[in-house]
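Protein chains in written order, with the numbering used here: chain A, 1 to 201; chain B, 202 to 664.
Every residue gets a Cβ at the ideal spot worked out from N, C-alpha and C, and that includes glycine.
Here the structure comes first, spelled out in C-alpha cells, and everything after it is commentary.
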Amino acid sequence: MTDMENPKFTIITSRCVPLPVENIDTDQIIPARFLKVTSREGFGENLFRDWRFDSNGDMRPDFPLNDPRYSGCILVAGKNFGCGSSREHAAWAIADYGFRVVISSFFADIHKNNELNNFVLPVVVSDEFLAELFSTVQSDPSAEIRVDLPTQTVENLSTGRKEHFDINPYKKQCLVEGLDDIGYLLSHSEEIDSYESNNNK
Amino acid sequence: MGKTLFDKIWDAHTVTDIPGGPTQLYIDRHYCHEVTSPQAFDGLRRRGLKVRRPDRTFSTPDHNIPTMHQDRPISDPVSARQVETLLKNAREFGITLFPLGDEHNGIIHVMGPENGLTLPGSTIVCGDSHTSTHGAFGAVAFGIGTSEVEMVLATQCILQPRPKTMRITVDGHLAEGVTAKDMALYIIAKLGTGGATGYFVEYAGEAVRSLSMEQRMTLCNLSIEMGARGGMVAPDQTTFDYLKGREYAPAGQEWEDAVAYWRTLPSDEDAVYDREIRFSAADIEPRVTFGTNPGMGIGISETVPAPPVEEAARISFEKSLAYMGFRSGESLQGEKVDYVFLGSCTNGRIEDFRLFASYVKGRRKHPDVTAWLVPGSWKVRRQIAEEELDKVLEEAGFEIRQPGCSACLAMNDDKVPAGCLAVSTSNRNFEGRQGPGARTVLAGPLVAAAAAVNGVITDPRKS
Chain A
1 MTDMENPKFT IITSRCVPLP VENIDTDQII PARFLKVTSR EGFGENLFRD
51 WRFDSNGDMR PDFPLNDPRY SGCILVAGKN FGCGSSREHA AWAIADYGFR
101 VVISSFFADI HKNNELNNFV LPVVVSDEFL AELFSTVQSD PSAEIRVDLP
151 TQTVENLSTG RKEHFDINPY KKQCLVEGLD DIGYLLSHSE EIDSYESNNN
201 K
Chain B
202 MGKTLFDKIW DAHTVTDIPG GPTQLYIDRH YCHEVTSPQA FDGLRRRGLK
252 VRRPDRTFST PDHNIPTMHQ DRPISDPVSA RQVETLLKNA REFGITLFPL
302 GDEHNGIIHV MGPENGLTLP GSTIVCGDSH TSTHGAFGAV AFGIGTSEVE
352 MVLATQCILQ PRPKTMRITV DGHLAEGVTA KDMALYIIAK LGTGGATGYF
402 VEYAGEAVRS LSMEQRMTLC NLSIEMGARG GMVAPDQTTF DYLKGREYAP
452 AGQEWEDAVA YWRTLPSDED AVYDREIRFS AADIEPRVTF GTNPGMGIGI
502 SETVPAPPVE EAARISFEKS LAYMGFRSGE SLQGEKVDYV FLGSCTNGRI
552 EDFRLFASYV KGRRKHPDVT AWLVPGSWKV RRQIAEEELD KVLEEAGFEI
602 RQPGCSACLA MNDDKVPAGC LAVSTSNRNF EGRQGPGART VLAGPLVAAA
652 AAVNGVITDP RKS
C-alpha cells in the first residue's frame, strides 16, 4: 500500500547541525511533560527543549540548534543516540523540526526503528568519520554532507571522504518508495490467518 | 546445534522472515497505556481498521495520573483528556481497560504479571521501553514505538530485525543487604548504557536462579538501560509457583499442559549465544549512580571515577558531572538528600515495600526529606495494608500515595524541584527526568530507605 502522505527518500545534500554529545536520551530529545497531547503534530517546537531554553524560557545561545551559523536538515550527534524511553514523540519532534537524516556512530534500537517508521534516515558511520564531520562543520558551518540512500553512501563534501552505511533492503525500499510497515502487514493478512489457525492463537 | 530460550520463543512466533529484512513476529500479548497509544488508535481510524485481536490487548492508565485523590477529576485538563482518550479508545475498539479506581489498575508492568497476563513462552509488547520487565517469566518482551503499537493493534504482528543473543551469568549469591536492583546497576555499569544494544539478554547463573519473581522483574526491567532489546530469565518452579492461581493464568488441565510446555523452554545445553559475559555476585555491593545515565554508577563504598581519556566521552562525562554537581574522586556517602522516591515498574512491588519498611521500622524519616512512596498497583497497595506495612511506614513518618508511574518520569505533579537531589528506586537518572533541573541518584529500596531516614546518602548495611 502506498500512502500518499509518506515522503520518498533518495538523495539529500545539506548543511548540518552538530550535537557532539554522547548518549543523548529521548528524554532530552523531548521531555516527558510534552507527551500529554494525543496528536502527532507540533513536537518540533519542543525538540531538545531543556537544552535550547533555560528555566525562564530564554534561548541558550550556545546550544547548536540556536546558533544561527548552523542550519540544514541533517543532525549529526554523538554515539548511542536516542537511548532510553521508547517514546516515538522523539522521532516526531526530530521530523517536525525539519530533520530528514540523523548521523551518529551508534543508535539505540527502539529509537532507530522509530526514526525509520517516520521516514527519518538514521545513518551509522564510523567513530572516525563522525569525528571528522564534527571537526569539518565546526570549522566551516557552511560545509555540506551528501546522503545517498540508493547507493547507501554518506559523503563529507568538504573533504571528499565517503563511507558506506548499512540499512536492511526492506527498510530501504520502504523509504525510497514511501511505504510503511502496516501496509506491508495488511497485504499479508492471509499468512497471519494461517499462523493463528495452525498455532491455536 | 541447540537453541536458546530466546530462539525457541522467537522461532515459534515467526510468521514469515522477509528476505534481507525483518521478521514478521506474532504477538501474544499487547499492553497499552495512555501516553503512547492515542496516535496509534487515530491511525486505525484514519485507515478504517479494527483491532485484530482485542482479546490479546489490555490497557490501563498509569504514566500521566495523579498519585493523590484519584477519586477526583484530574486537575490538569491536558492530562485528563489523555486519560479520557484511552477510555474512549478502549470502548470504541473493544479492548479490556482497567481504569482509575479499578482493582486491577496499576503500572502496566506491575499489573500484567500480578494478574497472570504475562506468561512464559509468549511474545509481549507495549509502547514502553520497560516492557523488558516481563522477560522475567521467560517471555520475549520488548518496548515499541507508537507506529509499532498501531501495527500490532491492526495485525497482531510486528516487523522486527532479529536481535543477537547475549547470556549474562552471575555466579554465587548476593550478600545480605544487596538487592536485584544493585545487581542490575552493577551489570549496566560494567557494560555501559549502550553495551547490550542489538542484543536480547538472558540472565543465568546461581545468583539469578535464586532470585524471587519480583527480583527477576527488577533485573529484567533494567535491561533496556544498557540498550538491550529485552532481558529474560528461563522459567522454573519459582515462575510456576508465582503464576499458579492468578486471575488470567491458565487453570486445570490447561495449566498442566502449559507448565509441561514451559518446561521445554530453557536453553539447550549446547545452545550458542552471540556473546557471553560472566560476573560474580560476591563483587556486588549496594549501588548508587553519580551521573546522568544508569551506566554511570558505583558501589556505595567507591568514589566517583576519573573522566575517560577519549575526548568525546570525556566531554559527555564532564557535562554529566557538572549537571549533578559531583566531582571525580569524591564519595557520595554523606551527600545531602532532598527527596526519596520508592516506586515505579522497577521497584514498586510488595517485596520493595517490605525491604524499605524493614529498614525504617523503629526509625524516623529525616525532617528535611520529602518522601514519595508510590505502590506499583492497587493490588500492591492492598497487600501493604494486609501485611500492616502501612502502620510501620506511617509510624516512621511516611505516607503512602496512590499507584502510578509518578516521579519516575514526572509527567504528573510528582516533580522534584530544580537543583534538588533525589534518591530514587526508579530506572533513569537522565537530566530533567524527575523534573526540570532535578538531580537523580538511582538506588535500590534499602539505600533509598537509609537516605530517607538519615537525610544523606548512607550505606544501609552500616546503620
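**Asked** Can a CB atom of chain A be found closer than 8 Å to the CB of threonine 626 (chain B)?
**Response** no
**Prompt:** Where does aspartate 3 (chain A) sit, in a helix, a strand or coil, going by DSSP?
**Reply:** Note that aspartate 3 (chain A) scores a pLDDT of 46, beneath 50, so its modelled location is shaky; the value from the coordinates is reported in the next line. Here aspartate 3 (chain A) sits in coil by DSSP.
**Asked** What residues from chain A crowd round arginine 282 (chain B), counting only those whose CB sits closer than 9 Å?
**Response** Lys36, Val37, Thr38
**Request:** Could you tell me the distance, in whole angstroms, from the CA atom of isoleucine 74 (chain A) to the CA atom of leucine 130 (chain A)?
**Result:** 13 Å
**Request:** Taking only the alpha-carbon atoms, compute the straight-line gap between proline 495 (chain B) and serine 86 (chain A) and give it to the nearest angstrom.
**Result:** 16 Å
**Prompt:** Can you tell me whether tyrosine 462 (chain B) is buried or exposed, with buried defined as 16 or more other CB within 10 angstroms of its CB?
**Reply:** exposed
**CB contact below 8 Å: leucine 186 (chain A) versus chain B** = yes
**Asked** Can you round the beta-carbon distance between isoleucine 325 (chain B) and arginine 230 (chain B) to whole angstroms, since I take them to be within the 8 Å contact cut?
**Response** 5 Å
**Message:** Report the CB separation of glycine 432 (chain B) from glycine 500 (chain B) in whole angstroms; it is logged as a contact under 8 Å.
**Reply:** 22 Å between Cβ atoms; not a contact.
**Message:** Is it buried or exposed, glycine 446 (chain B), if we count other Cβ atoms within 10 angstroms and call 16 or more buried?
**Reply:** exposed
**Prompt:** Going along the region 427-457 of chain B in order, which residues come within less than 9 Å of chain A, judged by CB to CB distance?
**Reply:** Gly428, Ala429, Arg430
**Asked** Which runs of the alpha helix (DSSP H) spanning at least 4 residues fall entirely within the region 413-472 of chain B, listed in chain order?
**Response** 414-422, 438-444, 453-463
**Request:** Would you list the one or two residues that DSSP bridges to phenylalanine 542 (chain B)?
**Result:** B:Trp573, B:Ser625
**Burial state of aspartate 569 (chain B), where buried means 16 or more other Cβ atoms lie within 10 Å** = exposed
**Prompt:** By how many angstroms is the C-alpha of threonine 297 (chain B) removed from the C-alpha of alanine 260 (chain A)?
**Reply:** Nothing about residue 260 (chain A) can be read from this structure; chain A reaches only from 1 to 201.
**Request:** Give the range of the alpha helix (DSSP H) segment to which asparagine 114 (chain A) is assigned.
**Result:** 109-117
**Prompt:** Is there contact between the region 584-594 of chain B and the region 301-320 of chain B, where contact requires at least three CB pairs shorter than 8 Å?
**Reply:** no
**Item:** Residue closest to isoleucine 210 (chain B), alpha-carbon to alpha-carbon, out of B:Asp329, B:Thr366, B:Glu235
**Value:** B:Thr366
**Message:** Let me make sure I understand the geometry here. Which of A:Ile94, A:Asn199, A:Asp181 has the alpha-carbon closest to that of glutamine 225 (chain B)?
**Reply:** A:Asp181
**Interface residues of the region 3-24 of chain A facing chain B [CB-CB below 8 Å]** = Pro20, Val21, Glu22, Asn23
**Request:** May I ask you to report which of helix, strand or coil DSSP gives glutamine 716 (chain B)?
**Result:** Residue 716 (chain B) lies beyond the range of chain B shown here (202 to 664); nothing can be said about it.
**Prompt:** Exposed or buried, serine 187 (chain A), counting other C-beta atoms within 10 Å across all chains shown (16 or more means buried)?
**Reply:** exposed
**Asked** So, using beta-carbon positions, are valine 311 (chain B) and valine 575 (chain B) closer together than 8 Å?
**Response** no
**Asked** Among A:Ser197, A:His111, A:Asp25, which has the Cα closest to the Cα of threonine 347 (chain B)?
**Response** A:His111
**Prompt:** Three or more C-beta pairs closer than 8 Å, one from the region 28-38 of chain A and one from the region 279-291 of chain B: is that the case here?
**Reply:** yes
**Request:** Please state whether DSSP places proline 169 (chain A) in a helix, a strand or coil.
**Result:** helix
**Message:** By alpha-carbon positions, which one of B:Ala644, B:Leu643, B:Ala611, B:Cys621 ends up nearest to arginine 634 (chain B)?
**Reply:** B:Ala611
**Message:** What does the alpha-carbon distance come out to for the pair isoleucine 658 (chain B) and glutamate 377 (chain B)?
**Reply:** 19 Å
**Item:** Pair within 8 Å by beta-carbon distance, phenylalanine 259 (chain B) and asparagine 290 (chain B)
**Value:** no
**Message:** On the CB-based measure, 16 or more other CB atoms within 10 Å of its CB, does leucine 157 (chain A) come out buried or exposed?
**Reply:** exposed
**Asked** If you count every other CB in all the chains shown that lies within 10 Å of the CB of arginine 292 (chain B), and 16 or more means buried, which is it?
**Response** exposed
**Prompt:** Who are the near neighbours of histidine 214 (chain B) in its chain, counting only those whose CB is closer than 8 Å to its CB and skipping five residues on each side?
**Reply:** Leu226, Tyr227, Ile228, Asp229, Thr324, Val341
**Item:** Proximal residues to glutamate 632 (chain B) (C-beta, below 7 Å), its chain only, five neighbours per side dropped
**Value:** Thr493, Tyr524
**Request:** Have a look at B:Leu594, B:Ala639, B:Phe401, B:Tyr474 and flag the residue whose alpha-carbon is nearest the alpha-carbon of alanine 619 (chain B).
**Result:** B:Ala639
**Message:** Just to make sure I have the definition right: I need the residues of chain B whose C-beta is within less than 7 Å of the C-beta of tyrosine 195 (chain A). Which are they?
**Reply:** Val216, Tyr227
**Prompt:** With distances taken from CA atoms, which of B:Ala450, B:Glu455, B:Ser411, B:Gln454 is nearest alanine 435 (chain B)?
**Reply:** B:Ser411
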